[in-house]
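Single-structure report; data block below.
Residue numbers (my numbering), protein chains in the order written: chain A, 11 to 125; chain B, 21 to 132.
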């Protein structure tokens, strides 16, 4: 149980392109989903927290207009990296939780490379 | 601000031995402390959660301890196997919200 699917697993695109990443909870309802970014050999850095049906809460230093988050249902959240540039290249990981006292379960991440 | 420290150096042990990984934190104790395993290029996989009022938690070959006096959690893998080789992350969660704060992780290498 507690499977989180993230798609795509990797993407390579040109600078200026917008990229959408999907995060789905397959066998549970996720009241809260989280988006993280991870640089090589570093830990996960939280970018934003989203609750179903409401606006995402962004961490300090994360541009909300750059990283658009939509949590349209209890099983789906999307992260759109708008007008991506090479410095946005990173490993993006989502997680989902079924409740405030429940652990977060992670997707397998998306490797984003902007040329 | 809260600081979480995990040994950044890789831990190399022989198959069959017990691996012990450390997670230290500063300031106030979290409500929950969680351990995750992460393989290269993959997302973290949840292993164990221990609450502030719990001293120890076990799951198969895994054991986690939580000492709020020392501000430390220890993660043990008994009878370690090469398949246990991965990076292990500790993550702290406080009462305000469901947000996790991750340590930098420790890479474990189990040699046959």
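For every residue, glycine included, the Cβ atom is placed at its ideal position computed from N, Cα and C.
**Request:** Compile a chain-ordered list of the residues in the stretch 73-96 of chain B whose CB is closer than 8 angstroms to at least one CB of chain A.
**Result:** none
**Message:** Check whether chain A comes within 8 angstroms of residue 129 of chain B, counting only Cβ atoms and requiring the distance to be less than that.
**Reply:** Mapped onto the second chain, residue 129 of chain B falls at position 109. Residue 129 of chain B does not count as touching chain A.
**Asked** Since residue 27 of chain B is in the beta strand (DSSP E), which residue starts that stretch and which ends it?
**Response** Here the question's residue 27 of chain B lines up with position 7 in the second chain. Unbroken run through residue 27 of chain B: none, as it is neither H nor E.
**Asked** residue 109 of chain B CB to nearest chain A CB: under 8 angstroms?
**Response** Taking the first residue of the second chain as position 1, residue 109 of chain B is located at position 89. Answer yes: the Cβ-Cβ gap between residue 109 of chain B and chain A drops below 8 angstroms somewhere.
**Request:** Using 10 angstroms around the beta-carbon of residue 20 of chain A, count the other beta-carbons present and answer buried if the total reaches 16, otherwise exposed.
**Result:** Residue 20 of chain A sits at position 10 when you count from the first residue of the first chain. Classification for residue 20 of chain A: exposed.
**Prompt:** So which residues on chain A does residue 47 of chain B lean against when the C-beta distance must stay under 8 angstroms?
**Reply:** Against the second chain, residue 47 of chain B aligns to sequence position 27. Correct list: empty, because the minimum Cβ distance to chain A is about 18 angstroms.
**Request:** Consider the Cβ of residue 71 of chain A: report whether some Cβ of chain B lies at a distance smaller than 8 angstroms.
**Result:** As a working mapping, residue 71 of chain A is identified with position 61 in the first chain. It does not; no Cβ of chain B falls within 8 angstroms.
**Prompt:** Which same chain residues, not among the five before or five after residue 51 of chain B, have their C-beta less than 8 angstroms away from its C-beta?
**Reply:** Residue 51 of chain B sits at position 31 when you count from the first residue of the second chain. The residues are 71, 72, 113, 114 and 115.
**Request:** Starting from residue 68 of chain B, follow its DSSP beta bridges and name the residues at the other end.
**Result:** To locate residue 68 of chain B, count along the second chain from 1; it is residue 48. Per DSSP, B:55.
**Request:** Per DSSP, which residues does residue 92 of chain B bridge with? Please list them.
**Result:** By one-based count along the second chain, residue 92 of chain B stands at place 72. Residue 92 of chain B pairs with B:44 and B:87.
**Asked** Beta-carbon of residue 54 of chain B versus every beta-carbon of chain A: anything under 8 angstroms?
**Response** Translated into positions along the second chain, residue 54 of chain B becomes position 34. For residue 54 of chain B, the answer is yes, since a Cβ of chain A falls inside 8 angstroms of its Cβ.
**Request:** Report the rounded CA-to-CA distance for residue 96 of chain A versus residue 31 of chain A, giving the unit in angstroms.
**Result:** One-based indexing of the first chain puts residue 96 of chain A at position 86. One-based indexing of the first chain puts residue 31 of chain A at position 21. Rounded to the nearest angstrom, the two C-alpha atoms are 17 angstroms apart.
**Item:** Where residue 17 of chain A meets chain B, residues with beta-carbon distance less than 7 angstroms
**Value:** Along the first chain, read from residue 1 onward, the residue named residue 17 of chain A stands at position 7. Correct list: empty, because the minimum Cβ distance to chain B is about 12 angstroms.
**Asked** Between the stretch 68-99 of chain A and chain C, which residues of the former have CB atoms less than 7 angstroms from a CB of the latter, in chain order?
**Response** No chain C appears in this structure, whose protein chains are A and B.
**Item:** Between the CA atoms of residue 79 of chain B and residue 61 of chain A - distance to the nearest angstrom
**Value:** Reading the first chain from its first residue, position 51 is the one you call residue 61 of chain A. Reading the second chain from its first residue, position 59 is the one you call residue 79 of chain B. Cα to Cα, the separation comes out at about 31 angstroms.
**Message:** Using CA atoms only, rank isn't needed, just tell me which of B:128, B:46 and B:39 is closest to residue 121 of chain B.
**Reply:** As a first step, residue 121 of chain B must be located in the second chain, where it is residue number 101. If we check each option's Cα against that of residue 121 of chain B, B:46 comes out closest.
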